[in-house]
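Step one of this worksheet: look at the structure below.
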Ligand code: SF4
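In this note's numbering, the protein residues as written are 42 to 312.
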């Protein structure tokens, strides 16, 4: 178990305007993330902006303890059709949320408004808040799942929830009637690059009733390439997978063909 440095902070603003394709505003109730995935793009952005905390990403978290109060005030001036994305730079349902409940408080405040809400998470803790998800007029959960191979999950995101927990999260969200899509993001180069992996991923989604998959590429390779290669070597030693890489176009075609066969809509980022 890693030691996590926790700091409680008070924020002035929570909602931030964004140019992201599926939201006008983002909000992050935490700074930092206890899941500390090896491929996370947030420390890359922090390093580019010369902000602290990129090197030891995953070992510290700041909790915006007044987040529900701030969003209550800010929502008064947000257009009713503005889309809100929760969790663009953190996982709002990381383990600390069990204790602090700030993301739950934020959801509660949002439940008084008709704004479409999208949640990006990989955490089964979200199931705790299914009552509030049901109260939102329009909500989508983008469930992050870069692999359905638990061996790969343990190597590339060892502090994140197990694959089985995320499959169960998917099942229960769909059962509750919550619009749930999978974010195959990032598509792990050298891990998912076989026809068998791609088929297994898509079929797992189809069996659970997922009808939409977003595939995101790792387009910040220059920053994490060396450490990623090291983990990849470890993965190959553990699984005896051949060092075989399908090209981008082959991957795109395979994913699209498998999804079409399974009746799943898929969007593949061009980055
Ligand atoms: S859960 Fe998301 S924000 Fe947190 S470390 Fe992993 S990729 Fe980054």
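We put the CB at the ideal spot given by N, CA and C, even for glycine.
Keep in mind that this is a model prediction, so the values were computed, not measured.
Member of the options whose CA lies at the smallest distance from the CA of residue i
{"i": "residue 52", "options": "296, 111, 102", "result": "111"}
{"i": "residue 281", "options": "248, 100, 192, 226", "result": "192"}
{"i": "residue 88", "options": "47, 264, 307", "result": "264"}
{"i": "residue 303", "options": "278, 260, 249, 259", "result": "249"}
{"i": "residue 117", "options": "277, 289, 151", "result": "151"}
{"i": "residue 194", "options": "273, 172, 100, 137", "result": "273"}
{"i": "residue 78", "options": "96, 65, 66, 67", "result": "96"}
{"i": "residue 262", "options": "213, 85, 180", "result": "85"}
{"i": "residue 215", "options": "227, 168, 190", "result": "168"}
Test item: CB-CB of residue i and residue j under 8 angstroms
{"i": "residue 254", "j": "residue 222", "result": "yes"}
{"i": "residue 102", "j": "residue 71", "result": "yes"}
{"i": "residue 147", "j": "residue 205", "result": "no"}
{"i": "residue 299", "j": "residue 207", "result": "no"}
{"i": "residue 156", "j": "residue 125", "result": "yes"}
{"i": "residue 225", "j": "residue 199", "result": "no"}
{"i": "residue 185", "j": "residue 256", "result": "no"}
{"i": "residue 203", "j": "residue 252", "result": "no"}
{"i": "residue 135", "j": "residue 81", "result": "no"}
{"i": "residue 83", "j": "residue 130", "result": "yes"}
{"i": "residue 160", "j": "residue 217", "result": "no"}
{"i": "residue 56", "j": "residue 119", "result": "yes"}
Residue i classed as buried or exposed, judged by whether at least 16 other C-beta atoms fall within 10 angstroms
{"i": "residue 62", "result": "exposed"}
{"i": "residue 139", "result": "exposed"}
{"i": "residue 178", "result": "exposed"}
{"i": "residue 275", "result": "exposed"}
{"i": "residue 286", "result": "exposed"}
{"i": "residue 183", "result": "buried"}
{"i": "residue 238", "result": "buried"}
{"i": "residue 175", "result": "exposed"}
DSSP state of residue i mapped onto helix, strand, coil
{"i": "residue 141", "result": "helix"}
{"i": "residue 66", "result": "strand"}
{"i": "residue 114", "result": "helix"}
{"i": "residue 265", "result": "helix"}
{"i": "residue 162", "result": "strand"}
{"i": "residue 198", "result": "coil"}
{"i": "residue 253", "result": "strand"}
{"i": "residue 226", "result": "coil"}
{"i": "residue 308", "result": "strand"}
{"i": "residue 177", "result": "coil"}
{"i": "residue 90", "result": "coil"}
{"i": "residue 300", "result": "helix"}
{"i": "residue 96", "result": "coil"}
{"i": "residue 231", "result": "coil"}
{"i": "residue 84", "result": "helix"}
{"i": "residue 295", "result": "helix"}
{"i": "residue 203", "result": "coil"}
{"i": "residue 258", "result": "coil"}
{"i": "residue 109", "result": "helix"}
{"i": "residue 214", "result": "helix"}
{"i": "residue 193", "result": "helix"}
{"i": "residue 247", "result": "helix"}
{"i": "residue 146", "result": "helix"}
{"i": "residue 242", "result": "helix"}
{"i": "residue 276", "result": "helix"}
Residues bridged to residue i (per DSSP)
{"i": "residue 103", "result": "48, 72"}
{"i": "residue 171", "result": "Note: residue 171 sits in no beta bridge, so no partner."}
{"i": "residue 58", "result": "66"}
{"i": "residue 182", "result": "160, 221"}
{"i": "residue 127", "result": "68, 160"}
Below-8 angstroms beta-carbon distance, residue i vs any chain C residue
{"i": "residue 174", "result": "Within the model displayed, chain C is absent; a lone protein chain is all it includes."}
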